[in-house]
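Numbering (the working numbering), first residue to last: 879 to 948.
Here you go:
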């Protein structure tokens, strides 16, 4: 169960870094990037952040279960 907690924390961290990458891509000016693409990047950032929060919540849940077992 400890391995699951560690995996979920890694998934959450990786997705958080990916969300930062997407957000930077949406705010940095670039020639030829339409507003639609910026909106897609913004929505993708929000979705990835939501997944990251879910994985951090699952990691916390498993951490509490491990503490209760001990």
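Where is the CB? At the ideal position from N, CA and C, for every residue including glycine.
Fill in: Residue range of the unbroken alpha helix (DSSP H) whose run includes residue 908
Unbroken run through residue 908: none, as it is neither H nor E.
Discussion item. So for residue 917, helix, strand or coil by DSSP?
Written reply: helix
Worksheet item: From residue 897 to residue 926, what distance separates their C-alpha atoms?
Response: In a straight line, the C-alpha of residue 897 is about 6 Å away from that of residue 926.
Worksheet item: Say the cut is 7 Å; is the CB of residue 883 nearer than that to a heavy atom of the ligand MN?
Response: The ligand MN is not part of the structure shown, which contains no ligands of any sort.
Practice prompt. Taking only the alpha-carbon atoms, compute the straight-line gap between residue 911 and residue 937 and give it to the nearest angstrom.
Written response: 37 Å
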